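What follows is one structure encoded as structure tokens, with my remarks underneath.
Residue numbers (our numbering): 68 to 693.
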């Protein structure tokens with residue numbers, strides 16, 4: 068946020084000269100923030116390793132270190148949930164309130180200084196997109212590192228590998244390389260003071276895609292080198308190559324998610340153009356087309372996640388690593404390595420996300436400073452690209468959340484087996500209590516989403532009433548004779564977002580603990596000591612599956628509605644102010660809480676449920692020892 072609010076003025080100034088120069092400043096500003104987020108995680112784990120004197124005489128073993136970090140993952144999840152939920156309510160309540168009264172009722176442009184909610188809207192972009200998305204990916208990387216370390220340590224012990232440090236520290240090496248290759252990708256985007264925004268060479272999305280392609284190529288090379296360096300063992304000399312292929316699966320999965328999100332949310336492609344065309348026949352057809360587009364967009368990502376998990380597990384199982392009985396045990400670690408591969412370009416992906424609010428704020432500065440239309444044209448193009456990059460980041464985030472949650476679920480099953488001293492290897496939903504746990508997990512996703520959207524609606528109503536009041540009581544605002552009270556709208560959304568996020572936040576945190584304890588007591592009464600843990604496992608499993616699908620739907624539908632409006636604002640189908648545009652604005656208003664509040668919060672929710680169950684696993688068990 069500190070970088071974003073300072074970069075947008077520089078971007079708006081650069082837009083007076085060249086789209087490419089404005090793009091470079093926006094991307095490099097986002098890159099700085101992204102590298103700080105990724106770098107802090109690697110530095111923290113390295114600090115723990117040195118501070119605790121791991122593997123030195125009299126200190127803990129390297130395989131014990133990850134168990135101390137589970138609480139850190141829970142803390143990251145806890146903060147990420149409230150940052151994403153509160154930030155999403157803040158930004159979208161201000162955005163919806165500003166659009167409904169300013170654009171629909173009064174017919175003034177977006178980011179017009181006469182709109183009392185415009186400052187709250189611009190501040191919300193930084194709160195909801197920069198801070199919240201950073202916290203989201205921070206949590207994903209933290210969860211991935213913790214689960215990979217735990218699984219790597221467990222596998223090393225079962226394989227009797229003498230030096231397990233390579234399997235424990237491998238995630239840190241991967242993310243250290245991530246800092247380097249993502250920085251190279253960001254620096255490959257160079258600005259120029261020549262050219263026009265309409266020049267093919269100035270297409271911002273093509274430039275960003277080029278930087279991402281460079282990062283992907285470097286990620287493949289560095290990941291292969293890292294696996295050979297850290298994961299080579301004499302017991303299975305070719306295992307490192309199998310794990311390198313697992314990483315390649317993850318990298319390809321990340322690229323596929325970015326491409327699919329781009330296809331469904333960029334107005335250069337058919338889905339968004341069809342949605343814009345549906346707006347020409349009214350508000351209702353706009354909503355129907357948007358909902359159907361969002362539902363359709365869940366198919367390809369789910370297929371890709373399925374193929375990635377099965378492929379990585381199979382490669383890991385066939386790596387040659389076996390336990391004392393000769394049974395292959397590398398499957399789960401292979402999936403962990405695939406997750407690391409997917410997140411090995413997290414620095415650049417987060418850069419693309421933070422580029423969005425910087426470009427959006429720059430457009431606001433240009434509009435409020437009444438710059439020429441040619442300058443606003445450049446910032447509009449950057450803003451539309453920013454909407455697409457934000458959507459691709461959300462697709463990337465939900466993909467990484469799916470893989471990370473699978474790993475955390477496996478770690479939970481292992482932890483329960485350890486504490487209960489009997490194996491828990493499967494969850495049988497034919498048992499009535501376990502099936503009920505699954506239903507509760509799915510219900511949690513829908514109820515949480517409903518409360519998140521409701522929070523935006525209630526807060527937006529307060530903003531709408533305040534903006535209307537100012538326009539009525541101070542008619543000189545429209546004629547630039549009076550200055551709006553921006554601070555009042557900022558105060559409304561700030562206090563309301565904090566108040567409204569309590570209910571969904573408490574639901575997410577308390578639900579798994581209540582369910583686990585209730586069924587633990589029931590298990591005590593019926594002689595089933597593992598019943599509480601099994602019911603929570605089913606709840607976690609169903610919530611993860613439902614959450615992935617719901618998040619994909621909400622993110623894509625919201626992003627498509629937004630860019631359909633942007634597409635019409637380029638002059639097609641009647642352009643700004645037409646009936647088609649008004650229908651698209653309404654669709655965008657509906658999509659705002661979808662793509663920036665409920666959808667992204669679900670990324671965090673499914674990971675937080677996994678970390679809560681991992682931390683609280685002992686209280687779900689009934690035994691004489693516990």
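Note that CB positions come from ideal geometry on N, CA and C, so glycine has one too. As the structure is a prediction and not an experimental result, all values here were calculated from the model.
Residue i - DSSP class collapsed to helix/strand/coil
| i | result |
| --- | --- |
| residue 637 | coil |
| residue 303 | strand |
| residue 395 | strand |
| residue 582 | helix |
| residue 494 | coil |
Option in the options with minimal Cα separation from residue i
| i | options | result |
| --- | --- | --- |
| residue 198 | 226, 329, 422, 179 | 422 |
| residue 146 | 295, 568, 607, 372 | 568 |
| residue 644 | 398, 617, 688, 173 | 173 |
| residue 318 | 494, 415, 603 | 415 |
| residue 508 | 594, 617, 143 | 617 |
| residue 187 | 330, 208, 155 | 155 |
| residue 482 | 212, 685, 209, 102 | 685 |
| residue 175 | 444, 599, 538 | 538 |
| residue 551 | 541, 235, 560 | 541 |
| residue 668 | 298, 544, 614, 384 | 614 |
| residue 623 | 650, 641, 660, 608 | 660 |
| residue 663 | 677, 640, 627, 648 | 627 |
| residue 436 | 641, 180, 585 | 180 |
| residue 92 | 76, 103, 104, 341 | 76 |
| residue 470 | 153, 612, 353 | 612 |
| residue 530 | 276, 553, 511, 547 | 553 |
| residue 184 | 463, 164, 620, 408 | 164 |
Cβ distance (whole Å) where residue i is taken to contact residue j below 8 Å
| i | j | result |
| --- | --- | --- |
| residue 466 | residue 372 | 6 Å |
| residue 397 | residue 388 | 4 Å |
| residue 157 | residue 633 | Not confirmed; about 22 Å, so no contact. |
Backbone CA spacing between residue i and residue j [nearest angstrom]
| i | j | result |
| --- | --- | --- |
| residue 506 | residue 487 | 25 Å |
| residue 357 | residue 625 | 8 Å |
| residue 97 | residue 597 | 47 Å |
| residue 478 | residue 405 | 16 Å |
| residue 441 | residue 433 | 10 Å |
| residue 148 | residue 256 | 33 Å |
| residue 656 | residue 171 | 11 Å |
| residue 638 | residue 631 | 12 Å |
| residue 285 | residue 248 | 6 Å |
| residue 161 | residue 200 | 18 Å |
| residue 501 | residue 602 | 5 Å |
| residue 734 | residue 449 | This structure leaves residue 734 out entirely; the chain is present only between 68 and 693. |
| residue 652 | residue 670 | 26 Å |
| residue 581 | residue 564 | 26 Å |
| residue 401 | residue 283 | 20 Å |
| residue 446 | residue 100 | 21 Å |
| residue 654 | residue 647 | 11 Å |
| residue 384 | residue 494 | 21 Å |
| residue 348 | residue 458 | 26 Å |
| residue 264 | residue 332 | Legend: pLDDT at residue 264 = 47, less than 50; position of this residue unreliable, no value from coordinates given. |
| residue 328 | residue 345 | 20 Å |
| residue 498 | residue 366 | 30 Å |
| residue 221 | residue 607 | 22 Å |
| residue 336 | residue 359 | 16 Å |
Residue i, buried or exposed, once every other Cβ within 10 Å from all chains shown has been counted against 16
| i | result |
| --- | --- |
| residue 271 | buried |
| residue 227 | exposed |
| residue 313 | buried |
| residue 81 | buried |
| residue 355 | exposed |
| residue 304 | exposed |
| residue 439 | exposed |
| residue 573 | exposed |
| residue 196 | buried |
| residue 424 | buried |
| residue 377 | exposed |
| residue 370 | exposed |
| residue 315 | buried |
| residue 687 | buried |
| residue 151 | buried |
| residue 592 | exposed |
| residue 224 | exposed |
Near the ligand GTP: residue i beta-carbon under 7 Å from a heavy atom
| i | result |
| --- | --- |
| residue 148 | In terms of ligand content, the structure shown is empty, and the ligand GTP therefore cannot be addressed. |
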